[in-house]
Structures are given as structure tokens and as C-alpha cells.
Amino acid sequence: MTDTPFAPPTLGTLAGADLAELLDTMDADAPLVQRHIWLIALLQWVRGNGRSAQAAAARVDIFLDVMDVRPQLVEQLRRWWQKLMGTVDDATLLSDYGFASRNAFVSELVERLHRKLLPATPETADAGELFTLVLPNKLDAQWIAALSPVALERLSTLLTLPARGQAPHAPLGLTHWQASLIEAITFCTSNIRAAGFSPEIRLRMRTPARADSPFHTLSNDFETLRDAWWDLHCNEPEPDAAQHLADAATQFKAKLEACRQAAASVYTHLDSHGISMDLVFRLRQLRERVLRIRALLDCLMGEDPLANSAKLLSHLASVGQDQRSLGVLLSSNTSLLAAKVAERSSETGEHYITRNAKEYRAMLGQAAGGGALTAGTTALKFAILAVGLSAFWSGFWAGVMYAISFVLIQLLHFTLATKQPAMTAPAMAAKLKDISDPTAVESFVDEVTHLVRSQFAAVLGNVVVVFPVAIALSAAMQAVLGRPMIDAATADYVLHSLTLLGPCLLFAAFTGVLLFSSSIIAGWVENWFVLHRLDSAIRYNPAITRALGVVRADRWAQFMRDQVSGLAANISLGFMLGLIPAVLAFLGLHLDVRHVTLSTGQLGAACASLGLEVVHRPALWWAAASIPFIGVLNVGVSFYLAFRVALTAHNVSVLDRAHIRGAIWQRLRRAPSSFLWPTPESPNGAADRG
Numbered sequence: 010m011t012d013t014p015f016a017p018p019t020l021g022t023l024a025g026a027d028l029a030e031l032l033d034t035m036d037a038d039a040p041l042v043q044r045h046i047w048l049i050a051l052l053q054w055v056r057g058n059g060r061s062a063q064a065a066a067a068r069v070d071i072f073l074d075v076m077d078v079r080p081q082l083v084e085q086l087r088r089w090w091q092k093l094m095g096t097v098d099d100a101t102l103l104s105d106y107g108f109a110s111r112n113a114f115v116s117e118l119v120e121r122l123h124r125k126l127l128p129a130t131p132e133t134a135d136a137g138e139l140f141t142l143v144l145p146n147k148l149d150a151q152w153i154a155a156l157s158p159v160a161l162e163r164l165s166t167l168l169t170l171p172a173r174g175q176a177p178h179a180p181l182g183l184t185h186w187q188a189s190l191i192e193a194i195t196f197c198t199s200n201i202r203a204a205g206f207s208p209e210i211r212l213r214m215r216t217p218a219r220a221d222s223p224f225h226t227l228s229n230d231f232e233t234l235r236d237a238w239w240d241l242h243c244n245e246p247e248p249d250a251a252q253h254l255a256d257a258a259t260q261f262k263a264k265l266e267a268c269r270q271a272a273a274s275v276y277t278h279l280d281s282h283g284i285s286m287d288l289v290f291r292l293r294q295l296r297e298r299v300l301r302i303r304a305l306l307d308c309l310m311g312e313d314p315l316a317n318s319a320k321l322l323s324h325l326a327s328v329g330q331d332q333r334s335l336g337v338l339l340s341s342n343t344s345l346l347a348a349k350v351a352e353r354s355s356e357t358g359e360h361y362i363t364r365n366a367k368e369y370r371a372m373l374g375q376a377a378g379g380g381a382l383t384a385g386t387t388a389l390k391f392a393i394l395a396v397g398l399s400a401f402w403s404g405f406w407a408g409v410m411y412a413i414s415f416v417l418i419q420l421l422h423f424t425l426a427t428k429q430p431a432m433t434a435p436a437m438a439a440k441l442k443d444i445s446d447p448t449a450v451e452s453f454v455d456e457v458t459h460l461v462r463s464q465f466a467a468v469l470g471n472v473v474v475v476f477p478v479a480i481a482l483s484a485a486m487q488a489v490l491g492r493p494m495i496d497a498a499t500a501d502y503v504l505h506s507l508t509l510l511g512p513c514l515l516f517a518a519f520t521g522v523l524l525f526s527s528s529i530i531a532g533w534v535e536n537w538f539v540l541h542r543l544d545s546a547i548r549y550n551p552a553i554t555r556a557l558g559v560v561r562a563d564r565w566a567q568f569m570r571d572q573v574s575g576l577a578a579n580i581s582l583g584f585m586l587g588l589i590p591a592v593l594a595f596l597g598l599h600l601d602v603r604h605v606t607l608s609t610g611q612l613g614a615a616c617a618s619l620g621l622e623v624v625h626r627p628a629l630w631w632a633a634a635s636i637p638f639i640g641v642l643n644v645g646v647s648f649y650l651a652f653r654v655a656l657t658a659h660n661v662s663v664l665d666r667a668h669i670r671g672a673i674w675q676r677l678r679r680a681p682s683s684f685l686w687p688t689p690e691s692p693n694g695a696a697d698r699g
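Following this note's numbering, the numbering of the sequence shown begins with 10 at its first residue and continues without gaps.
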């Protein structure tokens with residue numbers, strides 16, 4: 010009979026093993042990967058079914074009890090632990106785990122995608138990779154935090170090792186854990202100084218922080234603290250050693266806070282000069298490094314080092330979950346950009362909110378002008394379709410035509426109703442910055458009534474004018490060209506495409522998403538324009554001033570600064586309305602757009618083509634019935650999405666949101682007419698409150 014070759018244990022063979030089996034397979038002399046597999050299996054046993062942190066903490070107590078009754082395993086475990094600590098760099102784990110391995114947002118995003126898509130291996134000397142494999146579950150942070158002080162003391166006694174090969178020139182008596190903490194603080198301090206000295210951050214700091222930078226002496230302050238700690242704990246202490254350590258700790262912590270404040274001053278620059286994602290990413294990393302040093306100091310010299318160490322490890326286990334999450338990266342680093350986009354949109358949105366009868370009438374006039382121009386847009390859209398281009402090129406030229414039409418409406422100071430909600434929502438949410446003020450919610454409800462009736466006026470002005478102008482334009486084409494805007498077959502198709510009985514309302518809601526998207530693009534483009542100081546470049550760049558002249562360059566700079574947001578919104582919306590349906594159709598998703606003003610113009614063209622007999626066709630009335638619903642969905646969806654972004658940017662809680670909804674419904678029951686037109690008794694809108 011031949012001997013069966015020895016097969017080293019794998020994670021598959023150890024999975025589900027009980028504690029006795031795990032302890033029997035513990036081997037300090039096993040290859041690195043086998044030692045790491047054994048550790049992963051041991052922590053799987055601690056987690057159990059992964060449902061109870063208290064049960065997992067109780068299993069740690071069982072493990073310690075077994076160690077107490079089997080002293081021969083204690084020495085073996087210490088040899089195993091010493092081998093592990095000699096293999097991985099735990100100081101790097103303590104200092105760098107949870108932080109980006111890249112110094113830019115996009116690079117970190119790509120890195121996280123790699124981690125999600127590519128499996129990790131336990132055959133590694135990287136302490137961070139091993140930590141992720143050993144503690145991959147959300148429960149891990151909870152059971153570590155649930156360990157009792159007695160269990161922590163027993164674990165410390167079992168696993169404490171003398172320092173080896175760490176902390177050069179360190180005195181004798183230093184434990185491995187203490188040496189790792191000191192080295193981790195050294196690493197974090199170096200990272201903070203490097204970030205503070207980077208030109209992207211340093212040049213954007215306030216002048217006092219840049220001139221008297223706390224980053225210069227941060228390392229020296231820590232070295233003073235480290236030496237004072239060594240003198241007190243590891244050497245023969247001097248009589249005033251404790252006071253010297255306290256003074257050094259106070260100085261170092263004050264310098265850390267000064268570094269944090271200096272970095273925070275960059276946000277003031279961003280408020281005025283635009284948001285950079287990479288810069289926000291670096292600032293957040295710097296702030297988290299400061300917090301990590303504070304946690305490491307608590308582990309080294311706090312009142313309860315063991316409890317603080319458990320708290321740190323629990324935090325690292327929790328951070329490990331966030332480090333693998335794309336959502337956490339995006340939400341944490343785009344929140345400031347979302348706030349800035351919302352703020353810039355709110356500046357534009359203020360112009361679209363009417364608060365008295367005079368402004369209401371002005372909105373009706375502007376909307377009427379927008380409706381008249383949209384009738385021409387409708388005629389051009391049918392002309393492009395009549396050419397018979399392929400789907401993509403038909404959509405492209407329709408997008409060009411829409412963009413030119415929308416920009417013309419903007420430059421003539423007219424209004425297209427459905428573009429307003431995504432701009433006005435952030436303006437309204439900005440009123441909730443101080444929601445703790447008792448009058449804030451009531452004032453916000455006033456803004457809701459102002460907005461709704463502004464939208465009503467804008468939609469009414471667009472629709473009431475575009476329909477007859479489209480009919481008149483078709484009649485003019487009949488008189489001049491001998492044929493109407495569209496033929497009877499196309500008119501019949503328009504009626505059936507707009508019918509309330511079809512997917513028209515789904516398309517209207519989809520159009521609301523596009524309207525919201527255009528506002529986000531507008532806010533982002535304006536932020537980019539401000540960030541790169543393009544208005545200043547247009548005004549002062551020598552090549553531009555030579556070509557345009559100083560006065561004209563100044564006018565162009567001011568024009569672009571005032572209009573860049575609107576231009577971006579109009580151009581992006583035009584191309585989305587024209588191209589996205591064509592692209593989606595190519596992908597097999599037959600989503601079309603239904604814009605209330607354009608749809609009303611198309612309905613007018615169809616009526617002009619079919620003549621008076623169209624009033625006897627049910628298809629006309631089903632199409633006409635869909636127009637109010639298209640308007641509501643265009644406005645409602647775009648407003649809802651923009652409002653959600655703005656509420657998130659302003660950190661309005663769920664409870665406050667419920668309070669807001671209740672206040673709006675109460676106003677609607679008390680004074681419903683205030684949502685449609687200004688009350689005559691109070692032209693300034695104060696009487697809207699009933």
C-alpha cells in the first residue's frame with residue numbers, strides 16, 4: 010500500500026472546523042499562505058453564523074479559556090503570532106489602512122474597481138490585504154467593540170511581544186504594539202506634511218496659514234513627544250518627566266489641530282473659485298489622517314490603552330468595508346460638488362420664482378415669447394424629419410436645432426417652462442439651511458407656493474401661445490409653399506403618439522429626468538468655468554485682448570460668466586432631447602421624449618393639417634387630454650430629482666423632510682388658490698399663509 014501524500018490544510022478544509030480541529034492544525038513553521046489561511050479560518054469560527062456580535066465575543070472568551078487549560082498551546086500560539094508579526098508590517102496597517110493608495114479621485118475609483126473585480130489571495134505580506142481577508146464582515150467591527158475589558162486584558166497577556174526591528178534607537182522594554190503605534194504615527198505625520206506642502210493645497214490656503222505653516226514643525230513636535238514618552242515609560246524617568254510628556258502632547262495635538270484648520274481654509278477658496286474633485290479628495294484624506302493620529306495617540310498614551318486599541322481595530326474593520334465600496338467613495342467626495350452645483354443652480358433659479366402679481370404677469374409674458382419661438386422649433390423639427398436622414402443623424406440635427414432654439418429663448422429673456430424646476434428646486438432648498446429656525450419651514454412653504462404658481466404661469470404662457478402660433482405658421486406655409494407644415498399622415502401619427510392611452514406619460518417622466526440632468530450639467534460646467542478662472546482669462550489674457558480689444562474682452566468675460574450656466578443647460582438639453590431617443594432605440598430601448606411645449610406645438614401643427622374636421626376625431630381629445638399630464642410630469646420629475654439633490658447637499662434630515670411635507674399639505678388645504686395665482690389682497694405673497 011502506498012502512502013497518501015500530505016495535503017496542507019486549505020480554507021475549504023478548515024471551513025466549518027471546530028476550535029479543537031483548528032488548534033490541532035496550528036503550525037508556526039507552516040508556509041506563509043498556510044498560516045494566513047489558518048488565521049482566516051479561526052476568525053470564521055469566531056464569527057460563527059455571522060448574526061450576533063455578542064455570540065462572537067463569547068467565542069473569543071471560549072478560545073481564551075481553552076488556552077488557559079492547555080498551556081502547551083500558549084507557547085505554540087506565541088511562536089505563531091511572532092512569526093506573523095515578523096512577516097507583515099502592522100505599522101503600515103495602522104497608519105495607511107482605509108486611506109487611498111492613490112492621491113487622486115479617479116485613480117482611487119479605478120483601484121477600487123480592480124479590488125471588486127479581481128479576487129485577493131492570502132499569499133501576501135501586505136498587512137492591509139491580509140486584514141481585509143481576515144475581517145471581511147460587517148459583524149467584525151461589532152464583536153471587536155463588544156469584547157469585555159477582561160477579555161482584552163487576557164488577549165494582551167497572550168499576544169504581547171517585545172519590539173523587534175522597529176523604532177530605531179528605541180529604548181529597551183518597548184513592546185511590539187507600542188513600537189508599531191509610534192511608527193504608524195510617524196508615517197501619518199509624514200503623510201500630513203506631504204499633503205500640506207503640496208502646491209494644490211498650499212497655494213489655496215489663507216495667507217496667514219501659508220505664511221506661518223504649522224506643517225513645518227509637525228515632525229519635530231512629534232519627535233519631542235516620542236522622546237518624552239520613552240523617557241517616562243522605558244528609561245529611568247526624570248522628576249519632571251510626566252509634566253514634560255503632558256506639555257509635549259499638548260503641543261503636538263495643538264499643531265495637529267492647526268494643520269487641520271489650515272487645510273480647512275482651502276474650502277473658503279473653493280467656495281469662491283469652484284470645486285475640484287481631486288482637491289476635495291486630498292483634503293478629506295488629510296483630515297482623516299489627523300483623526301487617525303489622534304486614535305493612535307489614545308492607544309499609546311490614553312487612560313485605557315487596551316480599550317482604545319480595541320476601538321481602533323474595530324474602526325479599521327469598519328473602514329475596510331468602506332474602502333471596498335464605490336458608493337461610499339462617490340458619496341463622500343461628491344457631496345461638496347453636489348452642494349456647489351446646487352448652490353450655483355439656486356443662483357440661477359432665483360430668477361424663475363415670482364413672488365407678486367407684477368412678477369407673475371412678467372412670467373406670463375416671457376413664457377408667451379418662449380411659446381411663440383417654440384412653434385418655430387416645431388416646424389424645424391418636422392423639416393428635419395422630412396429629409397429622411399438615418400436615426401442618429403436625424404437625432405443629431407434635431408439636437409442642434411433644439412439647442413439653438415433654447416439658447417435663442419435664453420438670450421431674448423424668454424422662458425421655457427420645463428427648464429425652470431431643476432433650477433428653482435436648489436433655490437428653494439437653500440431656504441432650509443437654517444431649518445432649526447421656527448419660521449424656516451413656513452417661509453419655505455411660501456416659496457413652494459411661489460414656485461408652483463410660477464410654473465403654472467410659465468406652462469400656461471408656453472402652451473396657450475405655442476398652439477395658435479403653430480396653427481398660424483402652418484397656415485402661412487400653406488399660403489406661401491402650397492402645403493402645410495406636415496401632411497395628413499404625419500398629423501395622424503402625431504395624434505396617436507400623444508394619446509393619453511399610450512406610453513406618452515412614461516415618455517414625459519423620462520423627459521423630466523433629462524431636464525434634471527441638464528441642470529446638473531449646467532451646475533457642473535459653471536463650477537468648472539469658475540474653477541479654471543476662464544472669465545479672468547477672457548478678460549486679461551494678452552492674446553484674447555489683442556484679438557478682441559480690452560473693452561470687448563471685458564464684455565465677453567462678463568457675458569460668459571453670467572450666461573455659462575444657461576448656455577450649458579440649453580445646449581445639453583437640446584442634444585439630449587434629440588440624440589438620446591435615437592441612441593436608446595439602437596440599444597433596443599424605445600424611449601421617446603414628450604416635452605409639454607413641443608408636444609403642444611406638434612398638436613397645433615396636426616390640427617392645422619387636418620382642418621376643422623379634426624374636432625370630431627376622438628384621437629384629438631385623447632391627445633389634448635395628455636398635455637396637462639405631460640406638463641405635470643415634466644415639471645414634477647425634474648423638480649423632485651433636483652430637490653432631492655439639494656436636500657442632500659444641505660443635510661436636511663428625514664424627520665425635517667416629513668415636517669416639510671406636512672406643512673405643504675396643510676397650506677394646500679387652507680389656501681389652494683395660492684398655488685395658481687397671487688392673492689389680490691397681498692401682492693407680496695404674505696397672505697398666502699391664509
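Positions of the beta carbon are idealized from the N, C-alpha and C atoms, including for glycine.
Proximal residues to residue i (C-beta, below 6 angstroms), its chain only, five neighbours per side dropped
{"i": "Arg-570", "result": "Asp-544"}
{"i": "Ile-418", "result": "Gly-379, Leu-382 and Leu-425"}
{"i": "Asn-317", "result": "Asp-307, Cys-308 and Gly-311"}
{"i": "Gln-332", "result": "Gly-107"}
{"i": "Ile-781", "result": "Beyond the ends of the chain as shown, which are 10 and 699, falls residue 781; an answer cannot be given."}
{"i": "Leu-305", "result": "Leu-190, Ala-193 and Ile-194"}
{"i": "Leu-73", "result": "Arg-163"}
Close-in-space but distant-in-sequence residues of the same chain around residue i (CB under 7 angstroms, 5 per side omitted)
{"i": "Ala-628", "result": "Leu-504, His-505 and Thr-508"}
{"i": "Val-299", "result": "Ile-201, Leu-265, Cys-268 and Arg-269"}
{"i": "Gln-151", "result": "Ala-62"}
{"i": "Pro-314", "result": "Cys-308"}
{"i": "Asp-70", "result": "Ala-160"}
Backbone secondary structure at residue i - three-state DSSP
{"i": "Thr-184", "result": "strand"}
{"i": "Pro-590", "result": "helix"}
{"i": "Ser-703", "result": "As shown, the chain starts at 10 and ends at 699. That puts residue 703 outside it, with no answer to give."}
{"i": "Tyr-649", "result": "helix"}
{"i": "Ala-251", "result": "helix"}
{"i": "Phe-224", "result": "coil"}
{"i": "Gly-597", "result": "coil"}
{"i": "Pro-637", "result": "helix"}
{"i": "Ser-355", "result": "For Ser-355, the predicted model reports a pLDDT of 49, less than 50, meaning its position is unreliable; a value from the coordinates is still stated below. The answer is helix: DSSP assigns Ser-355 an H, G or I state."}
{"i": "Ser-274", "result": "helix"}
{"i": "Thr-363", "result": "coil"}
{"i": "Pro-687", "result": "coil"}
{"i": "Arg-235", "result": "helix"}
{"i": "Ser-483", "result": "helix"}
{"i": "Gly-59", "result": "coil"}
{"i": "Pro-314", "result": "helix"}
{"i": "Asn-146", "result": "coil"}
{"i": "His-505", "result": "helix"}
{"i": "Ala-319", "result": "helix"}
{"i": "Ser-545", "result": "helix"}
Sequence-distant residues of its chain with Cβ nearer than 8 angstroms to residue i (five each side left out)
{"i": "Gln-85", "result": "Met-35 and Ala-37"}
{"i": "Ser-618", "result": "Ser-483, Pro-493, Met-494, Ile-495, Asp-496, Ala-497, Thr-499 and Ala-500"}
{"i": "Asp-27", "result": "Trp-54"}
Beta bridge counterpart(s) of residue i as assigned by DSSP
{"i": "Pro-171", "result": "Thr-184"}
C-beta atoms of residue i and residue j nearer than 7 angstroms
{"i": "Ala-257", "j": "Ala-237", "result": "yes"}
{"i": "Leu-600", "j": "Leu-607", "result": "no"}
{"i": "Ala-518", "j": "Leu-642", "result": "yes"}
{"i": "Ala-154", "j": "Ser-323", "result": "yes"}
{"i": "Leu-371", "j": "Ala-591", "result": "The question names Leu, yet the displayed sequence has Ala at residue 371. Contact: no."}
{"i": "Ile-194", "j": "Ala-412", "result": "no"}
{"i": "Arg-676", "j": "Val-409", "result": "no"}
{"i": "Leu-204", "j": "Leu-82", "result": "In the sequence under discussion, the amino acid at residue 204 is Ala, which differs from the Leu named in the question. No."}
{"i": "Arg-213", "j": "Val-275", "result": "yes"}
{"i": "Ala-376", "j": "Ala-467", "result": "yes"}
Cutoff 7 angstroms: residue i Cβ touching any chain B Cβ
{"i": "Arg-121", "result": "Note that chain B does not occur in the displayed structure, where there is just one protein chain."}
Near the ligand ADP: residue i beta-carbon under 6 angstroms from a heavy atom
{"i": "Leu-254", "result": "Among the ligands in the structure shown, none appear at all, so the ligand ADP cannot be discussed."}
(message) Does the contact criterion of 3 or more C-beta pairs under 8 angstroms hold for the stretch 522 to 530 versus the stretch 647 to 654?
(response) yes
(request) Take every Cβ of the stretch 146 to 165, pair it with every Cβ of the stretch 57 to 71, and state whether three or more of those distances are shorter than 8 angstroms. (result) yes
(message) With three or more C-beta pairs closer than 8 angstroms as the rule, is the stretch 667 to 674 touching the stretch 622 to 636?
(response) no
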